[in-house]
Every structure is written in C-alpha cells, then in structure tokens.
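Going letter by letter, the sequence shown gives residues 16 to 136 in our numbering. Remarks on the structure that follows.
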Amino acid sequence: MWHTQKLGYPREKIDKCFAQEIHGLYRLVHELDADLFTKIEMPTHDCFFQEFEIWQQENQFPKGKLFYIYPPKMDYMNQIFNAQMPKMELFEKTYSENRKYIFKNADKFAVDLTRSIKENL
Numbered sequence: 016m017w018h019t020q021k022l023g024y025p026r027e028k029i030d031k032c033f034a035q036e037i038h039g040l041y042r043l044v045h046e047l048d049a050d051l052f053t054k055i056e057m058p059t060h061d062c063f064f065q066e067f068e069i070w071q072q073e074n075q076f077p078k079g080k081l082f083y084i085y086p087p088k089m090d091y092m093n094q095i096f097n098a099q100m101p102k103m104e105l106f107e108k109t110y111s112e113n114r115k116y117i118f119k120n121a122d123k124f125a126v127d128l129t130r131s132i133k134e135n136l
C-alpha cells in the first residue's frame, strides 16, 4: 500500500473494491422483475460503483462476449453459454398433510435449454 501512496494515488480510491455480490443482487432484480427494478433505489455502499450501473442502464445492459471459447469438438459448450436461458420452473410435491416440498424442474429446464440452443444453430 505504501508504494501506491508514494506514487500519488489516494488511499481511499485504491481501497475501494468492486463488490460483485452487491452488483449481482441488484442486477438479479432487473432480470427477475423489471417493474420492481424501476422502484428500488440503487445501492449507496462504498464498494458499489453507481457510475458503472448507470452506464449499464444507458447502454441497455450490454451482454459481454465469452471470455473462453471452447475448441470446435466442444462447441456445444459455446452454444450453451450463448443461448437464451430458459426460466426455471418450480413444482410442489406433497409427501403428507404437513410436508410439502418445492423443487426445481431441472428436466424441463434441460429440454427448454436444448430447444433454445437448437433454435440458434
């Protein structure tokens, strides 16, 4: 830290870290419920970069490019990452009067994801 201060960088700027968890939760609301997203306030935590989120909104939340491209024989992985993700549906299973469980419908998700990939080939 001393070295960076010696170079003239203010300590408070260097100590500020990017809290991807805070940004992720904030953006998750945008993905799950766009109406609710317009009603919530942007976080004001020191590690939340409001300028970044404003830029994201002004640019219609651009989708990034794949960081790693799989080789041709594994291209299906590239297709998965580029596909439109289907919604995960839930279902309820009752085991007795007092025991109900909610599960993710992983089988339907796999079918829907496969369909999405095939549509984009």
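Note that the Cβ used here is the ideal one computed from N, Cα and C, for glycine as well.
In the three-state scheme derived from DSSP, where H, G and I count as helix and E and B as strand, LEU43 is classed as helix.
Distance check between ASN93 and each of LEU47, GLU68, LEU128 places LEU128 closest, using alpha-carbon atoms only. Scanning TYR91, PRO101, ASP90 for the CA closest to the CA of ASN120 turns up PRO101. In the displayed model, PHE106 falls within a strand according to three-state DSSP.
The shortest C-alpha to C-alpha distance from VAL126 to any of PRO58, ILE95, LEU81, LEU47 is the one to ILE95. If you look at PHE67, you'll find it in the alpha helix (DSSP H) that goes 65 to 73. DSSP places TYR83 in the coil class of the three-state scheme, outside both helix and strand.
Where ILE117 is concerned, the enclosing beta strand (DSSP E) starts and stops at 114 to 119. The way I'd put it, the region 101 to 120 doesn't touch the region 68 to 81; fewer than three beta-carbon pairs between them come closer than 8 angstroms. Of all alpha-carbon atoms in GLU134, LEU43, GLN35, ILE117, the one lying nearest the alpha-carbon of ASP61 is that of GLN35.
Closest in alpha carbon position to SER131, among THR109, ASN97, ARG114, is ASN97.
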